[in-house]
Amino acid sequence: MEHRSDRSSGLPLPDVRPECRELAHAAVRLDGQAMHLLLEQVIEEYGLVAAWEEVMAPVLHAVGRRWAASDDRHVEVEHLLSWQVSTALRRAAVSAPASADVETPVVLACMPAETHTLPLEALAAGLAERALPTRMFGGAVPAEVLQWAVRRSGPGVVVLWSQARPTASYALAQHLAETTFGVRGARMTPLVVLTGPGWAGPRRGAAFTRPRSLREALDVICRMHAERLGETLH
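Just so you know, the sequence shown maps onto residues 754 to 987 in this note's numbering.
Shown next, in the form of C-alpha cells:
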C-alpha cells in the first residue's frame, strides 16, 4: 500500500480510519489529553484488536519512519505517543474481566536484549480481554530471570517477543520449552509461542508456533492455553 503524507500531521500514513489521522495529528501537536481521549474511544468502540491494528500501530509506524528519516528529530513525538498507547493498553487490561483460573497463566516477556514492549502490551491486553490470566515481565528480561519466571509461575504458555533478528534466540526458546515445573511425578513444560518480526526467516525449531498478527496470536494462545489446562485437569 502506498504511503502518503497526511497534511494535518506531516506523517506518512496509508488509507486509514479517520481516528488514525486524528491520533497522528494529536501526537505531532504533543497533545496528550487528546491522545488519551481518542485512544479510550477507539478501544471502546472497535475493541482492542481493531484499535491496535487499525489505529495505534499505523500511527506508531508512521512516527517511527519519520523519526528514522529526520536525523533523530521528532523523537519527543514518539516518546509521548508510546507512553499514551502504553497507558491505554494497560488501562484496558486492568478493566478486563478477571480470570477464574490463576494456576495456569500465560507468561509474556521480551527477549533479553529486546526493549520494544508495546506489541507485547497489546497482546497482554487482548488476553486480559479474553479473561486469560497473564504474567507480564516486560522488556529485556535476562535469560536466567525468564527461566525462574517459568519455574515459579507454572505457565501453560510462554510468549517471547523479538522486534529484530539480533534479539531472537532459538536456543533460549528451546531451553525455556524444556524447563520443568510442578510437583515431582507430575512435571510439566510450557508451550512456547514466538512473536514479533525478529523471528522471521527460515524456521528453526519446527515445534514453535509463530503467529503473524495480534489477532492470530490471541486465537493461537487461547487454544493452546485451553489444551494445556485440559491436560493439567486429567
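Ideal Cβ placement from N, Cα and C applies to all residues, glycine included.
Exercise for review: Can you tell me which of the three DSSP states L880 falls into?
Suggested key: helix
**Study point:** Residue range of the alpha helix (DSSP H) that includes T840
**Key:** 828-848
Review point. If we ignore side chains and look at the alpha-carbon of each, how far apart do T857 and Q900 end up?
Key: Rounded to the nearest angstrom, the two C-alpha atoms are 16 Å apart.
**Study point:** Terminal residues of the alpha helix (DSSP H) in which V802 lies
**Key:** Start and end: 801-804.
Check your understanding: Which ranges does the alpha helix (DSSP H) cover as unbroken runs of at least 4 residues, wholly within the region 916-970, from first to last along the chain?
Key -> The region 916-970 contains these whole alpha helix (DSSP H) runs: 923-930.
Review point. How would you write the range of the alpha helix (DSSP H) that V781 sits in, first residue to last?
Key: 771-781
**Study point:** Where M696 sits in the DSSP three-state scheme
**Key:** Within the shown structure, residues of the chain are numbered from 754 to 987, placing residue 696 beyond reach of any answer.
Check your understanding: Can the beta-carbon of V860 be found less than 8 Å from the beta-carbon of R888?
Key -> yes
Review point. Is it buried or exposed for E772, if we count other Cβ within 10 angstroms and need 16 for buried?
Key: Classification of E772: buried, given that the 10 Å Cβ count is 16 or more.
Check your understanding: Under the rule that 16 or more other beta-carbon atoms within 10 Å means buried, what is E755, buried or exposed?
Key -> Low local confidence applies: a pLDDT of 37 at E755 is under 50, so the model's placement there is unreliable, with the coordinate-based value given in what follows. By the neighbour-count rule (16 or more Cβ atoms within 10 Å), E755 is not buried but exposed.
Check your understanding: Going by DSSP, what residues sit across from A862 in a beta bridge?
Key -> L913
Practice item. With hydrogens ignored, establish whether the beta-carbon of E831 is closer than 7 Å to any heavy atom of the ligand FAD. Key: The ligand content of the structure shown is nil, which means the ligand FAD is not present either.
**Study point:** Rounded separation between T932 and T942 - CA only
**Key:** 6 Å
Review point. Who are the near neighbours of P895 in its chain, counting only those whose CB is closer than 6 Å to its CB and skipping five residues on each side?
Key: P865
**Study point:** Rounded separation between R883 and L783 - CA only
**Key:** Their Cα atoms are separated by approximately 33 Å.
Practice item. Would you grab the beta carbon distance between V910 and V946 for me? Rounded to a whole angstrom, and I think it's under 8 Å. Key: Yes, they are in contact, since the Cβ atoms of V910 and V946 sit about 6 Å apart, within 8 Å.
**Study point:** Between the CA atoms of A960 and A993 - distance to the nearest angstrom
**Key:** What is shown of the chain runs 754 to 987, which leaves residue 993 out entirely.
Practice item. Can you give me the start and stop residues for the alpha helix (DSSP H) that E897 sits inside? Key: 896-906
Review point. Under 8 Å between the Cβ atoms of I796 and A849?
Key: With contacts defined by Cβ atoms closer than 8 Å, I796 and A849 do not form a contacting pair.
Point to revise | Environment of T920 [buried if 16+ CB atoms lie within 10 Å] | key: Here T920 is buried, its C-beta having at least 16 other C-beta atoms within 10 Å.
**Study point:** Helix, strand or coil at E797 according to DSSP, with G and I counted as helix
**Key:** helix
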